[in-house]
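In my numbering, the protein residues as written are 7 to 409.
Below, the structure written as structure tokens:
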């Protein structure tokens, strides 16, 4: 809002400067008694609407999603009345190999040296969203900082370096925000949300969420890009994940990797998701699924099928790290095996994808406030729930507010 008001005020100043030049030109040249007043009225007609164009429901908001393998930033103009993203001002991610650093440390802690190396890159994202006019920035950290023995301490350290509070959210909150992000990215109205399942897979955790009448169905898993890659190294290749970082090339062992993921899904994913079959649309978000798999299968499309994933995996299993390339080369091919295994176990034929993180959900919810109070997600837009179920421990199901 402030940015829009500044824009309108700047436009009025520009109009004033033009008026002064017109006045000077009128005084210096032949003076028509009506020329200057007409020009002045025209300029004022241009200027005053600019002041009223600062719409009361528009606000520039920004959020960062700090995961286990990357940090993602989003700044956008949000219609706070309709709870919709109107225009994306900035969207970028940077590597944040937190999970890999913790696995290598072998003591359940994230080395401080990792933060020394990664924090400057995240700070660049914070600076960029502020340059786009966002005065309030929400930063949520997920699986890696949540699981690390020193996660809270490092979150506080990171907050000092960034100049913005960092909140470590629960996996329940992560699933809820992922659902909201998918709804925002796909523009799905409230009355159609009972027809979808949101599947969010990142570097350190996997969530599935669906809504039914009056309740949520959720799967909260820890098998994701980095943990699955390490499982391939230890269980299939019989090596130590702390000493070996890459499983590439998978080679002829790729079917075995798929079976590993499939067995995990059959054992751990609730029956609700296993019994859906073709009754609901599957919407995929998260770096490991919507970016990694989609770009390897068909970067021009916004969906992939089970057969397409299998074909891509069979071709790319022979590639080594150098041939794969990119910042996420260690997990690219194993991501294909992970997603294919889950698709086979759950009978999923097709997944629609959107370039979305948790940030879209954060920006469009009521809880986006520069305050410490949390707002129940039942007040967030779109979730057709009568009451929010309480997770284990009796704590209310809440969404993160701005710290």
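Idealized CB from N, CA, C, for every residue including glycine.
Bridge pairing for residue 226: 213 [DSSP].
DSSP places residue 363 in the coil class of the three-state scheme, outside both helix and strand.
For residue 124, DSSP assigns no beta-bridge partner whatsoever. Segment contact: the segment 286-294 against the segment 214-234, three or more CB-CB distances shorter than 8 angstroms; contact assigned. Straight through space, the alpha carbons of residue 150 and residue 311 are spaced by roughly 30 angstroms.
Taking C-beta atoms under 8 angstroms as the contact rule, residue 165 and residue 369 fail to qualify, at a distance of about 20 angstroms. Using a Cβ-Cβ distance cut-off of 8 angstroms, the segment 164-181 and the segment 253-268 are not in contact, since fewer than three pairs of beta carbons, one from each stretch, lie closer than that value. Around the C-beta of residue 207, 16 or more other C-beta atoms lie within 10 Å, and the residue is accordingly described as buried. Excluding its 5 nearest sequence neighbours in each direction, residue 316 has C-beta neighbours in its own chain below 7 angstroms: 346, listed in chain order.
Take the alpha-carbon of residue 66 and the one of residue 81: they are about 7 angstroms apart. For the segment 284-336, the continuous beta strand (DSSP E) assignments of 3+ residues that do not extend past its boundaries occur at 287-291, 309-311, in sequence order. Here residue 76 is bridged, per DSSP, to 101.
In the three-state reduction of the DSSP assignment, residue 258 falls in the helix class, which pools H, G and I. Note that the C-beta distance between residue 248 and residue 355 is not below 8 angstroms. Short of 8 angstroms from the beta carbon of residue 160, and not among the five residues preceding or following it, lie these beta carbons of its own chain, in chain order: 116, 118, 121, 151, 154. Taking C-beta separations shorter than 6 angstroms and ignoring five residues to either side along the sequence, the partners of residue 108 in its chain run 116, 154, following chain order. For residue 156, no beta strand (DSSP E) segment is defined, and its DSSP state is neither H nor E. For the options 221, 323, 341, the alpha carbon positioned closest to that of residue 299 is the one of 341.
Here DSSP, grouped into helix, strand and coil, assigns residue 91 to strand. Shown here, residue 65 sits in a strand according to DSSP, grouped into three states. Exclusion of the five residues before and after residue 188 leaves 204, 289, 291, 360, 362 as the residues of its chain whose Cβ lies within less than 7 angstroms of its Cβ.
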